[in-house]
Amino acid sequence: MKKSFIAALAATFILASCNEKASVGKLTESGLDKKNFETEVNGKKTDLYVLKNTGGMEVCVTNFGARIVSVMVPDKDGNFKDVVLGFDSVQDYITTKGNNYGAFIGRYGNRIGFGKFEIDSVMYSLPTNNFGHTLHGGDNGFHTVVLDANQIDDKTLELTYLSKDGEAGFPGNLTCKVTYVLGDDNTLHLKYEAETDKPTVVNLTNHSYFNLDGDPNQKNSDWLLFINADQYTPVDSTFMTTGEILTVEGTDMDFRTPTPVGKRIDNFEFDQLKNGKGYDHNYVLNTGGDLTKVAATLESPKTGIMMDVYTTEPGIQFYAGNFMDGSHSGKKGIVYGHRTAVCLETQKYPDTPNKKDWPSATLRPGEKYESETIYKFSVKK
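For the sequence shown, the residue numbers in mature numbering (1 follows the signal peptide of the UniProt record, and there is no 0) are -22 to -1, 1 to 359.
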């Protein structure tokens, strides 16, 4: 009886151990449980998709808003860190108000003034959601929809969506696709495509919040930022571009040499930092749409993790997390405090549809919208 009891106890222990390992095995390297991303939104299923390269880098994406949920990259000591903010479940993304963590943004990333624009003498009106303007496609933009996902292989994920004529006030049936490709050189390549059956405006981007410390408790003050831009587009007190293009020379907007994000951010005697509550500005890139030229570089001195940004777009929005206020609890229950991340959103300039001299965002039938952005991760040597 005693031997039988001991054998049974041992068997129970082994089974429990195996079950524990099986449960742990279901988690991603960043600690996400796929089950927490499986639900239905408006009759469409959501899921979590995992990309991995040969070096161990991992990128997790949910098709709810085509959001990048986690990015695991090695630091200078070879320890992997999750360098983007997000949530542990799709329900958190759905129910948390005012969040666009890691999201696919459209139809128009950034702002459209007073929610109005004109094409071919036809005026269109959009729902406004930000100081009287339309921000990131409005409250019902692409960050709130479920895209159709097709994971081609371990490193490639395609997500497609049909935005119907009149959706969020935009004209035309717009078929769009975003493809995430993870390279063995620790690059995350984002490829955007779109076509329309009626003249419309398109400006697609990604809204990942990067924390290269891999620790959302840490502020972004000491991170070094380089932006390859001699000019920027100033904003008024409602964060709307004024139509001017000004030089960064001799101003607190100059990041042409690597500079700590927090060095000048609170100089509210400078009207642009006052208007933006810190940095929340579009930079006019010097790269000319050349995908081989670095548009921006962010570096954490603490971890040594660097991120180079490349893009075919003419502009990049540098947002320093000025409105992060501790109201969102993210992955692992960590509260996302003030300025604990940086966004670098590649884009057409804000309110381009109402600034005729700026690079056009108009897409017409028979044309194809194409845009590419690369985030390349490395360690400073």
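For every residue, glycine included, the Cβ atom is placed at its ideal position computed from N, Cα and C.
Q: Select from 255, 66 and 249 the residue whose C-alpha is nearest the C-alpha of residue 240.
A: Out of 255, 66 and 249, 255 has the C-alpha closest to the C-alpha of residue 240.
Q. Per DSSP, residue 23 is paired with what?
A. Bridge partners of residue 23: 18.
Q: Might you give, ordered along the chain, the residues of its own chain that have their beta carbon closer than 7 Å to the beta carbon of residue 67, omitting 5 neighbours on each side?
A: Around residue 67: 14 and 15.
Q) Cα-Cα, which of 174, 261 and 319 is closest to residue 293? A) For the options 174, 261 and 319, the alpha carbon positioned closest to that of residue 293 is the one of 261.
Q. According to the neighbour-count rule (16 or more other Cβ atoms, all chains shown, within 10 Å of its Cβ), is residue -11 buried or exposed?
A. Residue placement at residue -11 is flagged as unreliable, the pLDDT there being 46, under the threshold of 50; the coordinate-derived value follows with that caveat. When all chains shown are included, residue -11 counts as exposed.
Q. DSSP state of residue 4, grouped into three classes?
A. Residue 4 falls in the coil class under three-state DSSP.
**Q.** Closest Cα partner of residue 55 within the set 279, 351 and 308
**A.** Each of 279, 351 and 308 was checked against the Cα of residue 55, and the nearest Cα belongs to 279.
**Q.** Beta-carbon proximity check, residue 61 vs residue 188, cutoff 7 Å
**A.** Remark: C-beta atoms of residue 61 and residue 188 approach each other more closely than 7 Å.
Q: Identify whether residue 188 lies in helix, strand or coil by the three-state DSSP scheme.
A: Correct three-state label for residue 188: strand.
Q: Please name the residue or residues paired with residue 352 in a DSSP beta bridge.
A: Answer by DSSP bridge pairing, in chain order: 167 and 288.
Q) Going along the chain, which residues of its own chain have a beta-carbon closer than 6 Å to the beta-carbon of residue 342, five neighbours each way excluded? A) Excluding sequence neighbours, residue 342 sits near 177.
Q | Through-space distance from residue 18 to residue 139, alpha-carbon basis | A | Computed Cα separation, rounded: 16 Å.
Q. In or out: residue 205 buried (at least 16 other Cβ within 10 Å) or exposed?
A. Per the 10 Å Cβ criterion, buried.
**Q.** Contact between the region 210 to 218 and the region 114 to 128 (3+ Cβ pairs under 8 Å)
**A.** Inter-segment contact for the region 210 to 218 and the region 114 to 128 is absent: fewer than three beta-carbon pairs are separated by less than 8 Å.
Q. In whole angstroms, what is the alpha-carbon distance linking residue 130 and residue 349?
A. The straight-line gap from Cα to Cα measures roughly 20 Å.
Q. Should the region 105 to 115 be regarded as contacting the region 88 to 95, the criterion being three or more beta carbon pairs within less than 8 Å?
A. Touching, yes.
Q) For the beta strand (DSSP E) that residue 129 lies in, which residues bound it at each end? A) Where residue 129 is concerned, the enclosing beta strand (DSSP E) stretches over 126 to 131.
Q: Enumerate in chain order the residues of its own chain whose CB-to-CB distance from residue 312 is below 8 Å, with the five nearest sequence positions on each side excluded.
A: 194 and 195.
Q | Residue span of the alpha helix (DSSP H) that contains residue 68, given as start and end | A | Counting along the chain, the alpha helix (DSSP H) containing residue 68 begins and ends at 68 to 73.
Q: Can you give me the Cβ contacts of residue 368 inside the same chain, cut-off strictly under 6 Å, excluding the 5 residues immediately before and after it?
A: In the structure as shown, the chain starts at -22 and stops at 359, and residue 368 therefore has no counterpart that could be examined.
**Q.** Within 7 Å, strictly: CB atoms of residue 323 and residue 295
**A.** Yes. Within cutoff.
Q: Determine the burial state of residue 252: buried for a count of at least 16 other Cβ atoms within 10 Å of its Cβ, exposed for fewer.
A: Exposed is the call here.
Q: Spatial neighbours of residue 75 within its chain, please: CB distance less than 8 Å, with the 5 preceding and 5 following residues excluded, ordered by chain position.
A: Within the same chain, no Cβ atom closer than 8 Å to the Cβ of residue 75 is found once the five residues on either side in sequence are excluded.
Q. If we ignore side chains and look at the alpha-carbon of each, how far apart do residue 71 and residue 77 end up?
A. Taking the straight line from one Cα to the other gives about 7 Å.
Q. In whole angstroms, what is the alpha-carbon distance linking residue 164 and residue 23?
A. If you draw a straight line from the Cα of residue 164 to the Cα of residue 23, it comes to about 29 Å.
Q. Residue 293 lies in the beta strand (DSSP E); which residues open and close that run?
A. For residue 293, the enclosing beta strand (DSSP E) covers residues 293 to 297.
Q. By the 10 Å Cβ neighbour count, where 16 or more other Cβ atoms means buried, how is residue 160 classified, buried or exposed?
A. Under this definition residue 160 is a buried residue.
Q. Residue 352: which of 105, 183, 40 and 11 sits nearest, CA to CA?
A. Cα-wise, what sits closest to residue 352 is 183.
**Q.** Span separating the alpha-carbon of residue 190 from that of residue 47
**A.** So the two alpha carbons sit approximately 15 Å from each other.
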